[in-house]
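**Q** With full-length UniProt numbering applied, the sequence shown covers 1 to 280.
All C-beta atoms, glycine included, are put in the ideal place defined by N, C-alpha and C.
Just so you know, these numbers come straight off a predicted model, no measurement behind them.
Quick one: the structure is below, questions incoming.
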Amino acid sequence: MLVRFTKMHGLGNDFMVLDLVTQRVKVTPKLVKKLGDRNFGVGFDQLLIVEPPSEPDIDFRYRIFNQDGSEVENCGNGARCFAKFVRDKRLTGKSEVVVQTANGQMTLKIHPDKRVEVNMGAPILAPVDVPFQADQKATTYAIDVPLSQGDQQVELSAISMGNPHGVLIVDSTENAPVETLGPALEAHERFPAKANIGFMQVISRNEVNLRVFERGVGETIACGTGACAAVVAGKLRGVLDMPVTVHLPGGDLEIEWHGEGQPVIMTGPATTVYEGQIFV
Ligand SMILES: N[C@@H](CCC[C@H](N)C(=O)O)C(=O)O
Numbered sequence: 001m002l003v004r005f006t007k008m009h010g011l012g013n014d015f016m017v018l019d020l021v022t023q024r025v026k027v028t029p030k031l032v033k034k035l036g037d038r039n040f041g042v043g044f045d046q047l048l049i050v051e052p053p054s055e056p057d058i059d060f061r062y063r064i065f066n067q068d069g070s071e072v073e074n075c076g077n078g079a080r081c082f083a084k085f086v087r088d089k090r091l092t093g094k095s096e097v098v099v100q101t102a103n104g105q106m107t108l109k110i111h112p113d114k115r116v117e118v119n120m121g122a123p124i125l126a127p128v129d130v131p132f133q134a135d136q137k138a139t140t141y142a143i144d145v146p147l148s149q150g151d152q153q154v155e156l157s158a159i160s161m162g163n164p165h166g167v168l169i170v171d172s173t174e175n176a177p178v179e180t181l182g183p184a185l186e187a188h189e190r191f192p193a194k195a196n197i198g199f200m201q202v203i204s205r206n207e208v209n210l211r212v213f214e215r216g217v218g219e220t221i222a223c224g225t226g227a228c229a230a231v232v233a234g235k236l237r238g239v240l241d242m243p244v245t246v247h248l249p250g251g252d253l254e255i256e257w258h259g260e261g262q263p264v265i266m267t268g269p270a271t272t273v274y275e276g277q278i279f280v
């Protein structure tokens, strides 16, 4: 069967977007892995699926698969591309749409300057809901990380933006041990659903550098939910004021969060690369 798709990116975090409002495809982990292969398929960090809503107050259902075939709860950069996609494909005439993810709702708003603002909802801080194994809620947790050269202790904040994140503060993102600590923490036993791991360098109270080792992918050049989790961690740790510019290897995001119970607002670009068709 020939399937239409669009290749997009949000600051270089790249996506294959499938419209399952007007076409039918059985999406399996095996198919996702095949399509996500950068040598034998289309290649992407995440596959984004646009589906009709299951409730009347929602515009679309938004599903996300990592390159390794796992279905996940959220993708921030993908959300901005989702908004551009449904407008460009005339699946909606609205410039503000409400989407349903596996873990909640998000509102996506296209600005006149074409940047997309996403209301990501309130971060989840209770360890059991991240999920993160801890006796009680804290701003940071000290955890032992088994590495081939011996155990290392790190301090991290455990935050869910619908999907689980661990955020570490480092002196410099350039020299951060992303390749070693990233995979070890992603699969750490205290994150039972695994986690995305962010390495944040605080430049000033309104500016940070960030690298993210993404669950199910590896290091990507931008992670939207990772940027939101990092800003939440920085505010909880008393080192950031709002708004915050997050410099990721692929470009900048503007993030705002005003405290517990409040939604995180993320604003940034969404880009279409090309349209394609592939036999599945
Ligand atoms: N690239 C993303 C996050 C995608 C999902 C993540 N890898 C997970 O497994 O939770 C973003 O921009 O937020």
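Taking DSSP as the reference, what is the three-state secondary structure of D19?
**A** Within the sequence shown, the letter at position 19 stands for residue 19. Strand at D19.
**Q** What did DSSP end up calling A270 once you bin it into helix, strand or coil?
**A** As a first step, residue 270 is located in the sequence shown; it is residue number 270 there, counting from the start. Of the three classes helix, strand and coil, the one that applies to A270 here is coil, per DSSP.
**Q** Excluding the 5 residues flanking H165 on each side, which residues of the same chain have their C-beta closer than 7 Å to its C-beta?
**A** Position 165 of the sequence shown holds residue 165. Excluding positions up to five away in sequence, the list reads I159, A195, N196, G198, T225, G226, A229.
**Q** Nearest-angstrom Cα distance between T6 and E219?
**A** Stepping through the sequence shown from its first residue, residue 6 is reached at position 6. Stepping through the sequence shown from its first residue, residue 219 is reached at position 219. Taking the straight line from one Cα to the other gives about 23 Å.
**Q** Can you tell me where the beta strand (DSSP E) with P164 in it begins and where it stops?
**A** Numbered from 1 along the sequence shown, position 164 holds the residue referred to as residue 164. Its beta strand (DSSP E) spans residues 164 to 169.
**Q** Determine, using beta-carbon pairs with one atom in the segment 10 to 20 and one in the segment 41 to 54, whether at least three such pairs fall under 8 Å.
**A** Touching, yes, given that three or more Cβ pairs across the two stretches are closer than 8 Å.
**Q** Is L181 near V154, with beta carbons less than 8 Å apart?
**A** Here the question's residue 181 lines up with position 181 in the sequence shown. Here the question's residue 154 lines up with position 154 in the sequence shown. For L181 and V154, yes; Cβs fall inside 8 Å.
**Q** Quick check for students: name the residue ranges of the alpha helix (DSSP H) that lie wholly in the segment 64 to 118, counting only runs of 4 or more.
**A** Runs found: 76 to 88.
**Q** Go ahead and label N74 buried or exposed: buried means 16 or more other beta carbons lie within 10 angstroms of its beta carbon, across all protein chains shown.
**A** Taking the sequence shown and counting its residues from 1, one reaches residue 74 at position 74. Under this definition N74 is a buried residue.
**Q** Three-state secondary structure (DSSP) at T180?
**A** The residue you call residue 180 lines up with position 180 of the sequence shown. Helix, per DSSP.
**Q** May I ask you to check if the CB of E71 is nearer than 7 Å to at least one heavy atom of ligand 1?
**A** The residue you call residue 71 lines up with position 71 of the sequence shown. Incorrect: E71 has no Cβ contact closer than 7 Å to ligand 1.
**Q** Buried or exposed: where does V17 fall if 16 or more other Cβ atoms within 10 Å of its Cβ makes it buried?
**A** Walking along the sequence shown from the start, residue 17 turns up at place 17. By the neighbour-count rule (16 or more Cβ atoms within 10 Å), V17 is buried.
**Q** Have a look at the DSSP bridge pairing and note the partners of M161.
**A** Locating residue 161 in the sequence shown gives position 161, counting from the first residue. Paired residues: none, contrary to the question.
**Q** Assuming contact is defined by CB atoms lying nearer than 8 Å, are G268 and E254 in contact in what I supplied?
**A** What you label residue 268 is simply residue 268 of the sequence shown in a count that begins at 1. What you label residue 254 is simply residue 254 of the sequence shown in a count that begins at 1. Cβ atoms of G268 and E254: closer than 8 Å.
**Q** When the Cα of Q262 is compared with those of P123, H111, G216, which residue comes out closest?
**A** Walking along the sequence shown from the start, residue 262 turns up at place 262. The residue with the shortest Cα to Cα distance from Q262 is P123.
**Q** Quick check on the burial criterion: 16 or more other C-beta atoms within 10 angstroms. Buried or exposed for E260?
**A** Here residue 260 refers to the residue found at position 260 when the sequence shown is read from its first residue. Counting Cβ neighbours within 10 Å, E260 comes out exposed, since fewer than 16 surround it.
**Q** At a cut-off of 7 Å, would you count N66 as near ligand 1, judging by its Cβ distance to the nearest heavy atom?
**A** Residue numbering aside, residue 66 sits at position 66 when the sequence shown is read from its first letter. Yes, Cβ of N66 sits closer than 7 Å to a heavy atom of ligand 1.
**Q** Beta carbon of Q105, beta carbon of V97: below 8 Å?
**A** The sequence position of residue 105 within the sequence shown is 105, counting from 1. The sequence position of residue 97 within the sequence shown is 97, counting from 1. No, they are not a contact pair.
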